[in-house]
Amino acid sequence: MKTFLINGTCETSFITWLKNGMKNTFINNGFSLCEQASEDIRLVLNFTEPDICRPFRRKAQATFVVSILEKEGPVTNVFKEAYPYLIRSLSNHLLYINHHEGTTTFFFLTPEQGCYQITYKQDDEEAKLFQKIYDRLEPLASSQLVIDNEFHFDLPETLWNGDNISMQLKHSGKKLDEMDLLPAPFPIDEYLTPRDMRHLHKLYGIGGLSYGNLSARQDENHFWMSASGIDKSNMNTIGQDILYIKGYSSEDNKIEVSVPPEITPKRASVDAIEHWMIYKEHPEVGAIVHIHAWMDGIQATEINYPCGTVELAKTVAQLVRESDNPAQAVIGLKNHGLTITGRSLEDIFERIDGKINRQVPMN
Ligand SMILES: [Zn+2]
Numbered sequence: 002m003k004t005f006l007i008n009g010t011c012e013t014s015f016i017t018w019l020k021n022g023m024k025n026t027f028i029n030n031g032f033s034l035c036e037q038a039s040e041d042i043r044l045v046l047n048f049t050e051p052d053i054c055r056p057f058r059r060k061a062q063a064t065f066v067v068s069i070l071e072k073e074g075p076v077t078n079v080f081k082e083a084y085p086y087l088i089r090s091l092s093n094h095l096l097y098i099n100h101h102e103g104t105t106t107f108f109f110l111t112p113e114q115g116c117y118q119i120t121y122k123q124d125d126e127e128a129k130l131f132q133k134i135y136d137r138l139e140p141l142a143s144s145q146l147v148i149d150n151e152f153h154f155d156l157p158e159t160l161w162n163g164d165n166i167s168m169q170l171k172h173s174g175k176k177l178d179e180m181d182l183l184p185a186p187f188p189i190d191e192y193l194t195p196r197d198m199r200h201l202h203k204l205y206g207i208g209g210l211s212y213g214n215l216s217a218r219q220d221e222n223h224f225w226m227s228a229s230g231i232d233k234s235n236m237n238t239i240g241q242d243i244l245y246i247k248g249y250s251s252e253d254n255k256i257e258v259s260v261p262p263e264i265t266p267k268r269a270s271v272d273a274i275e276h277w278m279i280y281k282e283h284p285e286v287g288a289i290v291h292i293h294a295w296m297d298g299i300q301a302t303e304i305n306y307p308c309g310t311v312e313l314a315k316t317v318a319q320l321v322r323e324s325d326n327p328a329q330a331v332i333g334l335k336n337h338g339l340t341i342t343g344r345s346l347e348d349i350f351e352r353i354d355g356k357i358n359r360q361v362p363m364n
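The working numbering applies: residue 2 is where the sequence shown begins, and numbers increase by one.
This is the structure we're talking about:
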C-alpha cells in the first residue's frame with residue numbers, strides 16, 4: 002500500500018492551492034492519505050517556511066520526505082540558497098518554489114546536489130503541472146534504500162593492513178583529488194544541531210556529505226571499496242576508510258562487510274549495492290569509479306533514483322549489461338554523475354583522462 006502524509010502549517014494561498022492539487026493527484030494515482038505519522042508512511046509532503054524550517058523526524062528509514070517551501074523574488078544561486086533547507090529539514094528531496102515576474106519555477110533538489118526545474122505560468126493547465134510534479138516524485142518515493150550494513154569481524158589477518166589492490170584504491174582516491182573530482186563535503190554540521198546529526202547518522206549513516214566512491218575487485222566474491230563519508234584523498238585504515246565487501250543479504254537487505262577484529266568500523270558507501278551487482282554479473286569488471294561529473298555521448302538513466310537504492314543499482318547494472326563492453330562502460334546517472342567500469346583502476350583513469358566535464362547536465 003502506498004501511503005502518504007501531509008505535514009506543516011504553511012497556508013499562503015499558493016501553498017494551499019498546491020497542497021490540494023498535489024494531494025488529489027497522489028490520491029488519483031493510487032496513494033492513500035494518512036492522518037498520522039507511522040512507520041508505514043511511504044511519503045511525507047512537508048510544507049515548511051524559511052524561518053521555521055526544522056527537521057521532519059521520520060519513524061522509519063523507508064519514509065521519503067519531500068520538503069516544500071516558496072520564495073518571492075529573483076534566485077541567483079538556487080543551490081546555495083536552497084540546499085541548506087534540504088539539510089535543515091532532513092529531507093530526501095526539496096521542492097523549492099520561486100515566484101518571479103509572473104513565472105513560478107519549481108526547483109527539485111536532491112541530496113546528491115542534483116537540481117532540475119519545471120516552470121509554470123498563470124494560464125498553464127494546472128492538472129498538467131500536478132501530474133509533472135507527481136511523475137518526478139513518485140519513483141523516488143517508491144524506491145528502496147539498501148544502506149544497512151552487517152559487519153563480520155572475520156577479515157583474514159593477511160588483509161588487516163590491506164594488499165596491493167587496496168593500495169591501488171588509496172592511490173586512485175588521491176588521483177581523483179588531484180583531478181579536482183572530489184568536491185568538498187557540504188558543511189552539514191553548520192546547519193544541524195548535534196541531536197539532528199545523530200538522527201541523520203542513525204537513519205542514513207551520513208556523517209558529512211562527501212561525494213563519489215571507488216572500488217576494486219579483490220577476488221571472485223570480494224571487493225575493496227571506499228567507506229561512506231570519508232576523505233577519499235587520504236584513505237588509510239582497513240575497516241574504516243577502505244572496506245572489504247563480501248556480499249549482500251537480500252533477506253534482511255544488508256551489505257555484508259568483513260573487518261579486522263576490534264575495530265570500530267565505518268559504514269559502506271551507499272552505492273555498495275550497485276557495485277556488488279555489477280561485480281557479480283561481470284567477472285571481467287575489475288574496478289568501478291563513481292564521480293559527480295559528466296562525459297559526452299554516454300548512455301544515461303532516465304529517472305534520478307536516489308543514491309543507495311535498489312532501483313538505482315538495477316538501472317545502472319542494466320545499462321552496464323547493455324553497453325558494447327560491460328567491462329569498460331561509462332554510464333550516466335541522470336542529474337547526478339557517472340559510474341565507470343574498467344578492467345582495473347588504471348584502465349579507468351587512462352580512459353577518462355581529459356574527457357571529464359565537471360558540470361553534470363540537469364534536466
Ligand atoms: Zn553519487
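Don't be surprised by glycine CBs; every beta carbon is placed ideally from N, CA and C.
Between H337 and V147, the alpha-carbon positions lie close to 18 Å from each other. Judged by their CB atoms, S90 and C54 are nearer to each other than the 7 Å cut-off. For E179, the enclosing alpha helix (DSSP H) has its first and last residue at 165 to 179.
With the rule of 3 Cβ pairs closer than 8 Å, the segment 211 to 228 counts as touching the segment 289 to 299.
With a cut-off of 6 Å, the C-beta of E252 is classified as distant from ligand 1, since no heavy atom of the ligand falls inside that distance. Here L334 carries a strand assignment [DSSP, helix/strand/coil]. Per DSSP, the continuous alpha helix (DSSP H) segment holding H276 begins and ends at 273 to 282. When the five nearest sequence neighbours on each side are left out, the beta carbons in the same chain lying within less than 8 Å of the beta carbon of N30 are those of Y135, E139, in order along the chain. Rounded to whole angstroms, the separation of the alpha carbons of H276 and G309 is 10 Å. The shortest C-alpha to C-alpha distance from K171 to any of T106, F224, D242 is the one to D242. Note that the C-beta distance between A269 and V258 is below 7 Å.
Counting C-beta pairs with one atom in each stretch, the segment 356 to 363 and the segment 313 to 329 have fewer than three that are closer than 8 Å, which means they do not touch.
One alpha carbon belongs to D41, the other to D232, and they sit about 35 Å apart. Cβ-Cβ distances below 7 Å link G22 to E127, F131 in the same chain, with the five nearest sequence neighbours on each side left out; the list follows chain order. Its Cα nearest to that of L182, the residue G355 stands out among Q300, G355, M2, L313.
Annotated three-state conformation of V79 is helix, per DSSP. The shortest CA-to-CA distance from R344 to any of Q219, S229, Y249 is the one to Q219.
Short note on G338: C-beta closer than 6 Å to some heavy atom of ligand 1. Counting C-beta atoms within 10 angstroms of its own C-beta, S68 has 16 or more neighbours from the protein chains shown and is therefore classed as buried.
With a threshold of 6 Å, the Cβ atom of E113 counts as near ligand 1, since some heavy atom of the ligand is closer than that.
For Y249, the enclosing beta strand (DSSP E) starts and ends at 243 to 250. Secondary structure at M23: helix, using DSSP grouped into helix, strand and coil.
Placement of the Cβ of C308 at a distance of less than 6 Å from at least one heavy atom of ligand 1 is found.
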